Structure formats: structure tokens, C-alpha cells
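Peer 1: Per my numbering, the sequence shown starts with residue 5, numbered consecutively. Every residue gets a Cβ at the ideal spot worked out from N, C-alpha and C, and that includes glycine. As the structure is a prediction and not an experimental result, all values here were calculated from the model.
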Amino acid sequence: MANPFLVLGGIAVGIITATVGVLTVPGWVADAQDAAAYSDLRNIRSAMANAASTHIHVASFDDLDNGEWGTRVNLSGGVELTGFGHDANGWCVTVKAASGNHFAASDRSSTIGAGATKEVAADEAGCNIVPPHEDGDDEPPVVEDLLEAFRPGADDDTPLTLASSLRSVVGYVIDTAVPGEVLEPGPDANVSPHWAVTNLIVNPSFEMNTTGVNASAGASSPTVSTAVGGVIGSKSMRWTTTASDSNVMLGGWDGVAATKTAKVTPGEMMSASISLRSTVARPALLRVGFRNESGASLPVVFDSETKTTTTNGWTRYAVTFRVPDDARYAYLIGRATGNSVGQFHYADGVLLHDGAYEVEPFDGTSSGPNYTYVWAGAAHASSSSRTPSAITRHPDVLVWRAGDTAYFFLSHLLATTDYELVYEGGKWWLRTG
Ligand SMILES: [Ca+2]
């Protein structure tokens, strides 16, 4: 349709002004806002066509806006120019409506592109360039735009299970936040967590003696054994059952010893774990108990899941808990039920440490590629620590907390890596920074 305000090759100035009456219709505000952006882009297209027909290179939107080339385009109220590109290959203009939706027009297509970002809109409009913002670098990051809206309703630890592949974690998050979106091919990294942990159990691996072990109800004769090897080192602690229910204190303060070990702080999250195996498979669990300053045992205990031991391998038992108000010291109990008198159970790798995450068993003599291990004092008679030998990445950074945006989660995780997430040309890329 001919535009009466356009004068080919002329000097007369026409004014193209969007008028969108539906703006006043209640309940249709977003549609009207989008319609205003559509209308403006149609006017811009007409103006650009006019400029092209008179062989004028329009270098910026200002050239349209000031009417220098015989055409003036005013944007509707609420419509923001987000990009203007014009080079030897063609032109592309992007705008953002008051609704937050993005729109684009180009010389390549009669379609007005629309999308959640200007890149998507530009792609749909056939743009062969994604125009830079007119105002330079005050444009918010597009990745943030796309990932700022989604917040999980509950803590999501899926990323923790995917940590061996950063691409898997990032792919999961963007697909969750913007369903259907995928990462383009690219490099990957292992982002498994590595963090410092101190084991408060002073004789965790029974390589020298059974100090700290007390045979309790239904148990006798704790002894160092090489019969089934160990989880840490080559030995474990064996005890003999004397009743159907058999209980052994595996470490922590017994309430009597002059040196009080396994000191705990009320309110803190902690975890405990052990490995067990048996000469006859039995249901078993790990129990955490507490004492006050004078050694009295508190009524509250925390039990791991009950699992049946096996005769040919180790089973790991773990429990995470919040230290009760009156607790000052902790102790650990291994408990097996349904026993025949005289059978054996074996225990090794006793851990008690801060934090809500189970860790691989270790003591101050352990070795491995990811940590250095030390005893705080005498070997097998003091607390022991593991310290990351390279990067520290706490598992908290891999748990997507309820209410945190996808952008918040990913930006904190990516800050622990050399990678950055880029959204370009309507596609997601994970790149080394
Ligand atoms: Ca051992």
C-alpha cells in the first residue's frame, strides 16, 4: 500500500506516527503493546524502502527519526528501539514492546519477527545481522533475560547428579527454564564438587587398634581383623554378637574418657557414615547419639536407613542430621538385628563431619588425585582432614535452591569454572572464557 507521506527522492518531510487505538481496550494491553511494535516496524520498513529507492544509506535510526531523508518515523509510546543495523548486506531493526516481547524487521523477509529476545525475533525476520543496541553497551545480558524468570518451587539436586559433565548441568537448567532449548555442540568439563572435610572420629580405620570402640548390648570382643580387608587400609574392626540385637560404639566420646572427642555445635548440619559387612547377612544401621558436657547421653538419636549387610562386600550406611540444642559431643553406634549368637560383623571407615553431604571414607593416611589428607595429631589417634588439591567447589553450588532463578544458579556455578554461557543468534553456547 502506498504511503502518502513518502515522497520518492523528494525533500518534503512526511511524518509516520503510530496510532494504536486498541491501547485503550481493557484486557488487551499486551496485545495492543505488541501491535504498536508491529505497526512501528511496518513504518520503519516503508521508510527504509523509501531510503533504498533514493539510494540513501541510513546509518542510524536517528536518520529516520530526524526526517533528513524525507521520511520521519516516530516510535509509539512504550516501544523501545533495541537495535538498528544497516550495512552492505542489508538492514535489520529490532524493537521491544512494552509487553516485554521483542520484534524485528529486515530487508530479507516480509515477516515481522517476534520472540522472547531480539535474537529470536531477528532470526524469524530473516535478519542476516543481529544489530547492536543503539545506546552501546547498556543492554542487559540476553542470557540473564532468558533465565531470570524461572525459579524452582523446591530444592533441586539434579545438577549434583550430573556434575561429571558441565554440559549436562547447563543443558538441564536451560531446558528446565526454557523448555526445548538445547546447547550447541562444544567443549565440556567435569564440575564434580571438591571441598574440605574434617573427620572428627579419631580412630576411623582400625589399622592399629580398636581404641574408641566399646562393645555395647549384645556384642563382645572387638578386635582388629584382616579377614575381610578394609574400606580404608587393609584392616577392619570385627565384633562378635552375643544376642539377637547387637550394638557397638564405633567412635566419638564415650562420656567417660578424659579427652572429650567429637565435639559438636548445636544447630549445625552434620553427617556420619560407616561401612559394614558380616559373616551372616543381617539388617543393620548406623545410629548417632549425643552427650551433654558431663557425659550424659541425650534421648534424641538419628538413625541411617536400615539395610541388610552382605557376606562378600561392604555396605555403606550414612545419616545427615541437625545437632540438637543440648548436644555437646556425639558418638556413633553400629547396630545389627536378627543375629545368631557368635556370628561376626566387620566395620571400617567411620566418619563424622560437618555438612549435609555424604563423603567418601578417608583418614589422614589416605591418598588420591583430588585431595591431600593429613592427621591433626598422631596418626590413627586424632581428627583427620582432606583438602582439595586443586579447585574447591562446594556441593552447595550444584544444588538449585527453591526460589533461585536459573540465571542465579548457573552464574554461581559457572563462576567456579573457566566457562561462560552465551546466547547468540538464537542458540546457546557453552564456551571457555
Ligand atoms: Ca581399615
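When you compare the CB positions of L354 and T245, do they come within less than 8 Å of one another, or not?
Peer 2: Indexing the sequence shown from 1 puts residue 354 at position 350. Indexing the sequence shown from 1 puts residue 245 at position 241. With the sequence shown as reference, residue 354 is identified as Val, and Leu is not the correct amino acid for it. Cβ distance not < 8 Å, so V354 and T245 don't count as in contact.
Peer 1: Cβ atoms of V403 and H416: under 8 Å apart, would you say?
Peer 2: Within the sequence shown, the letter at position 412 stands for residue 416. Within the sequence shown, the letter at position 399 stands for residue 403. No, these two residues do not count as a Cβ contact at 8 Å.
Peer 1: Using a Cβ-Cβ cut-off of 6 Å (strictly less than) and excluding sequence neighbours within five positions of R397, which residues of its own chain qualify?
Peer 2: Position 393 of the sequence shown, counted from the first residue, corresponds to residue 397. Contacts found: P197, H198 and T420.
Peer 1: Given 7 Å as the limit, tell me if K311 has its C-beta closer than that to any heavy atom belonging to ligand 1.
Peer 2: Stepping through the sequence shown from its first residue, residue 311 is reached at position 307. No, Cβ of K311 sits at least 7 Å from all heavy atoms of ligand 1.
Peer 1: I'd like to confirm the pairing. Which residues does DSSP put opposite T269 in its beta bridges?
Peer 2: The count along the sequence shown starts at 1 and reaches residue 269 at position 265. Paired residue(s): none; T269 is not in a bridge.
Peer 1: For E152, which option in I178, S168 and V173 has the closest C-alpha, if you only look at C-alpha atoms?
Peer 2: Here residue 152 corresponds to residue number 148 of the sequence shown, with the count starting at 1. Per the Cα distances, I178.
Peer 1: When every heavy atom of ligand 3 is checked, does at least one fall within less than 7 Å of the C-beta of K267?
Peer 2: In the structure on display, ligand 3 does not appear, and the ligands it does have are ligand 1.
Peer 1: My assumption, with CB atoms under 8 Å, is that D367 sits in contact with I236. Please give the rounded CB distance.
Peer 2: Position 363 of the sequence shown, counted from the first residue, corresponds to residue 367. Position 232 of the sequence shown, counted from the first residue, corresponds to residue 236. Rounded, the Cβ-Cβ distance is 5 Å, consistent with contact.
Peer 1: In or out: V260 buried (at least 16 other Cβ within 10 Å) or exposed?
Peer 2: Taking the first residue of the sequence shown as 1, we reach residue 260 at position 256. Label assigned to V260: exposed.
Peer 1: Our contact map puts R332 next to K239 with C-beta atoms below 8 Å; I'd like the distance itself, whole angstroms only.
Peer 2: Reading the sequence shown from its first residue, position 328 is the one you call residue 332. Reading the sequence shown from its first residue, position 235 is the one you call residue 239. Contact doesn't hold; Cβ gap of about 31 Å is too wide.
Peer 1: Are there 16 or more other CB atoms within 10 angstroms of the CB of I395, so buried, or fewer, so exposed?
Peer 2: Looking up residue 395 in the sequence shown gives position 391. Exposed, because fewer than 16 other Cβ atoms sit within 10 Å of the Cβ of I395.
Peer 1: Which two residues bound the contiguous beta strand (DSSP E) that contains Y361?
Peer 2: In the sequence shown, residue 361 corresponds to position 357, counting from 1. From DSSP, Y361 is part of no beta strand (DSSP E); its letter is neither H nor E.
Peer 1: Compare the C-alpha of L254 against each of S248, T265 and A247 and name the closest.
Peer 2: Taking the first residue of the sequence shown as position 1, residue 254 is located at position 250. When only C-alpha atoms are compared, the closest one is T265.
Peer 1: Using three-state DSSP, classify M212 as helix, strand or coil.
Peer 2: Within the sequence shown, numbered from 1, the residue matching residue 212 stands at position 208. In the structure shown, M212 sits in coil (DSSP, three-state: anything other than H, G, I, E or B).
Peer 1: For Y411, which beta-bridge partners are listed by DSSP?
Peer 2: Counted from its first residue, the sequence shown places residue 411 at position 407. In the DSSP output, where bridge partners are listed per residue, Y411 has none listed.
Peer 1: Quick check on the DSSP output: the beta strand (DSSP E) that includes S113 runs from which residue to which?
Peer 2: In the sequence shown, the residue the question calls residue 113 occupies position 109. Looking at the DSSP string, the run of the beta strand (DSSP E) that includes S113 is S113 to G119.
Peer 1: Could you pull the DSSP bridge partners for S282 from this structure?
Peer 2: Residue numbering aside, residue 282 sits at position 278 when the sequence shown is read from its first letter. In the DSSP output, where bridge partners are listed per residue, S282 has H349.
Peer 1: What does DSSP give as the partner residue(s) for Y377 in the beta ladder?
Peer 2: If you number the sequence shown from 1, residue 377 lands on position 373. Y377 pairs with R390.
Peer 1: Quick check: does the Cβ of F210 come within less than 7 Å of any heavy atom belonging to ligand 1?
Peer 2: Taking the first residue of the sequence shown as position 1, residue 210 is located at position 206. Yes; taking the cut-off as 7 Å, the Cβ of F210 has a heavy atom of ligand 1 nearer than that.
Peer 1: With 16 as the cutoff for other CB atoms within 10 Å, does V62 come out buried or exposed?
Peer 2: The residue you call residue 62 lines up with position 58 of the sequence shown. The residue is buried, with at least 16 neighbouring Cβ atoms inside 10 Å.
Peer 1: Using 8 Å as the cut-off, can you tell me whether the segment 276 to 295 makes contact with the segment 313 to 331, which would need three or more C-beta pairs spanning the two stretches below that distance?
Peer 2: Segments in contact, yes.
Peer 1: According to DSSP, simplified to helix, strand and coil, what is K311?
Peer 2: Counted from its first residue, the sequence shown places residue 311 at position 307. In this structure, K311 counts as strand in the three-state DSSP scheme.
Peer 1: According to DSSP, simplified to helix, strand and coil, what is P399?
Peer 2: As a first step, residue 399 must be located in the sequence shown, where it is residue number 395. DSSP places P399 in helix when its eight states are reduced to three.
Peer 1: Mind reading off the beta-carbon distance from S250 to A223? Whole number of angstroms is fine, and I expect it under 8 Å.
Peer 2: Reading the sequence shown from its first residue, position 246 is the one you call residue 250. Reading the sequence shown from its first residue, position 219 is the one you call residue 223. About 5 Å separates the two Cβ atoms, so the contact holds.
Peer 1: For Y423, I'd like the list of residues in its chain whose CB is within less than 7 Å of its CB, leaving aside the five on either flank, ordered along the chain.
Peer 2: Here residue 423 refers to the residue found at position 419 of the sequence shown. Once the five neighbours on either side are set aside, the close Cβ partners of Y423 are L170, A193, L434, R435, T436 and G437.
Peer 1: In three-state terms, what does DSSP make of F154?
Peer 2: Translated into positions along the sequence shown, residue 154 becomes position 150. Of the three classes helix, strand and coil, the one that applies to F154 here is coil, per DSSP.
Peer 1: Give me the Cα-Cα distance between A56 and H90, rounded to the nearest whole angstrom.
Peer 2: Stepping through the sequence shown from its first residue, residue 56 is reached at position 52. Stepping through the sequence shown from its first residue, residue 90 is reached at position 86. If I take the Cα positions, the gap works out to 11 Å.
Peer 1: Between F154 and T180, how many whole angstroms is the CB-CB distance? I'm expecting something under 8 Å.
Peer 2: Against the sequence shown, residue 154 aligns to sequence position 150. Against the sequence shown, residue 180 aligns to sequence position 176. Rounded, the Cβ-Cβ distance is 7 Å, consistent with contact.
Peer 1: Taking its Cβ as the centre, do 16 or more other Cβ atoms sit within 10 Å of T313, making it buried, or is it exposed?
Peer 2: For the purposes of this step, residue 313 is taken as the residue at position 309 of the sequence shown. Buried, because 16 or more other Cβ atoms sit within 10 Å of the Cβ of T313.
Peer 1: Taking the beta strand (DSSP E) that A181 falls in, what are its first and last residues?
Peer 2: Sequence index remark: in the sequence shown, residue 181 carries index 177 (1-based). Careful: A181 lies outside any beta strand (DSSP E), inside the alpha helix (DSSP H) at L170 to A181.
Peer 1: Taking only heavy atoms of ligand 1 into account, decide whether any of them is closer than 7 Å to the Cβ of I236.
Peer 2: Start at 1 with the first residue of the sequence shown, and residue 236 comes out as number 232. Flag set: Cβ of I236 near ligand 1.
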